[in-house]
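**Student:**
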Amino acid sequence: MPLNRGNIGIIGGHGRGKSTLLDALAVQCQAIDGIMVRISRCEHGVWSTRTIRHAGVISHALADVPAPEPPRMIWLVDDADPLFDPFLTEEQALRFRQALADPNITVLFAASSMRHIRIPEHCSIRIVFPSGEKTNDMMAGIPSPLLATMTQHDIDTPGRAVLITGSSARLVQCSSRDPRHGLYSAHREIVGTFWVKPLEKQYGSWLPSMKSRNNNQPRGF
Numbered sequence: 002m003p004l005n006r007g008n009i010g011i012i013g014g015h016g017r018g019k020s021t022l023l024d025a026l027a028v029q030c031q032a033i034d035g036i037m038v039r040i041s042r043c044e045h046g047v048w049s050t051r052t053i054r055h056a057g058v059i060s061h062a063l064a065d066v067p068a069p070e071p072p073r074m075i076w077l078v079d080d081a082d083p084l085f086d087p088f089l090t091e092e093q094a095l096r097f098r099q100a101l102a103d104p105n106i107t108v109l110f111a112a113s114s115m116r117h118i119r120i121p122e123h124c125s126i127r128i129v130f131p132s133g134e135k136t137n138d139m140m141a142g143i144p145s146p147l148l149a150t151m152t153q154h155d156i157d158t159p160g161r162a163v164l165i166t167g168s169s170a171r172l173v174q175c176s177s178r179d180p181r182h183g184l185y186s187a188h189r190e191i192v193g194t195f196w197v198k199p200l201e202k203q204y205g206s207w208l209p210s211m212k213s214r215n216n217n218q219p220r221g222f
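Numbering-wise, this note's numbering comes out as the position in the sequence shown, counting from 1, plus 1.
1. Which residue wins for smallest C-alpha separation from residue 11, given the options 127, 138, 144, 153?
2. Consult DSSP for residue 3 and reduce its assignment to one of helix, strand or coil.
3. Could you check which residue in 42, 17, 73 has the C-alpha nearest to that of residue 30?
4. From residue 141 to residue 52, what does the alpha carbon distance come to, in whole angstroms?
5. At the level of alpha carbons, what is the spacing between residue 119 and residue 20?
6. Could you spell out where the beta strand (DSSP E) holding residue 227 opens and where it closes?
7. For residue 25 and residue 111, what's the separation of their Cα atoms in angstroms?
8. Tell me which residue opens and which closes the beta strand (DSSP E) that residue 44 is part of.
9. Can you tell me where the alpha helix (DSSP H) holding residue 162 begins and where it ends?
10. Just the Cα atoms here: how many angstroms apart are residue 113 and residue 164?
11. Roughly how many whole angstroms lie between the Cα atoms of residue 93 and residue 48?
12. Mapping DSSP to helix, strand and coil, what is residue 124?
13. Reducing DSSP to helix, strand and coil, say where residue 149 ends up.
14. Mark residue 115 as exposed unless 16 or more other C-beta atoms lie within 10 angstroms of its C-beta, in which case mark it buried.
15. Quick check: residue 42 and residue 79, are their CB atoms within less than 7 Å of each other?
16. Which two residues bound the contiguous alpha helix (DSSP H) that contains residue 98?
17. Pick from 5, 13, 76, 85: whose alpha carbon is nearest that of residue 130?
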């Protein structure tokens, strides 16, 4: 997944794997040199933010490389639904909405609905965990032809989602493989977090299936 094409939204109901995926992405983002990575969560009504990688942490091999192009920071935000409310004026909400419009920041957020989310202003890439309710899934951006190919097994499988980039939508399986096994890149994109299901499960972008580098299918959450 490219990190220089705007924000990324993870959409799905309770228990679908949004937080697990966000944690997996956080681990992989820490492998990217020259970028600050922070993660925010709300616990018992109180928001907390911690920096899990500072921008000054650069590997020895890249010490003489010029400053990286945007984004300069990746901000992962879990349970972000209330922060999209335009009437919410709390500091966390204001900072969040400002970050969404800042080209120097890529926001990876998890939300349970598309109620206040505007496309493409708030995110250009979406990872949608289908609910099985056609109206809700189509509102989240899953094309009707792709929904028609999905089975109850797709709905029930943990980590099964639809990756939406522009007009392209592909059914994917989110992987929980340890990124230390070589399934990530330190060059401003995340590689191997998803593997794409067979061709007939794709819509809008007819591309061959992706495979992990060791030719094993990653296991789902």
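Ideal Cβ placement from N, Cα and C applies to all residues, glycine included.
**Tutor:** In short, the structure shows the following:
1. What you label residue 11 is simply residue 10 of the sequence shown in a count that begins at 1. Nearest option by C-alpha distance: 127.
2. To locate residue 3, count along the sequence shown from 1; it is residue 2. Three-state result, residue 3: strand.
3. Taking the sequence shown and counting its residues from 1, one reaches residue 30 at position 29. Among 42, 17, 73, the Cα nearest to that of residue 30 is on 73.
4. The count along the sequence shown starts at 1 and reaches residue 141 at position 140. The count along the sequence shown starts at 1 and reaches residue 52 at position 51. When rounded, the distance between both Cα atoms is 30 Å.
5. The residue you call residue 119 lines up with position 118 of the sequence shown. The residue you call residue 20 lines up with position 19 of the sequence shown. Each residue's Cα considered, the two are about 21 Å apart.
6. Within the shown structure, residues of the chain are numbered from 2 to 222, placing residue 227 beyond reach of any answer.
7. On the sequence shown, residue 25 is found 24 positions in, with the first residue counted as 1. On the sequence shown, residue 111 is found 110 positions in, with the first residue counted as 1. Residue 25 and residue 111: Cα-Cα distance of roughly 13 Å.
8. Along the sequence shown, read from residue 1 onward, the residue named residue 44 stands at position 43. Per DSSP, residue 44 is one residue of the beta strand (DSSP E) stretching across 37-44.
9. Within the sequence shown, numbered from 1, the residue matching residue 162 stands at position 161. Note, residue 162: premise wrong, no alpha helix (DSSP H); beta strand (DSSP E) at 161-166.
10. Here residue 113 corresponds to residue number 112 of the sequence shown, with the count starting at 1. Here residue 164 corresponds to residue number 163 of the sequence shown, with the count starting at 1. If you take the alpha carbons of residue 113 and residue 164, they lie about 16 Å apart.
11. Residue 93 sits at position 92 when you count from the first residue of the sequence shown. Residue 48 sits at position 47 when you count from the first residue of the sequence shown. Distance between the alpha carbons of residue 93 and residue 48: 7 Å.
12. Your numbering for residue 124 matches position 123 in the sequence shown. The answer is coil: DSSP assigns residue 124 none of H, G, I, E or B.
13. Reading the sequence shown from its first residue, position 148 is the one you call residue 149. Residue 149 falls in the helix class under three-state DSSP.
14. Taking the first residue of the sequence shown as position 1, residue 115 is located at position 114. Under this definition residue 115 is a buried residue.
15. Indexing the sequence shown from 1 puts residue 42 at position 41. Indexing the sequence shown from 1 puts residue 79 at position 78. For residue 42 and residue 79, yes; Cβs fall inside 7 Å.
16. As a working note, residue 98 is residue 97 in the sequence shown. Residue 98 -> alpha helix (DSSP H) spans 92-101.
17. Indexing the sequence shown from 1 puts residue 130 at position 129. It is 13.
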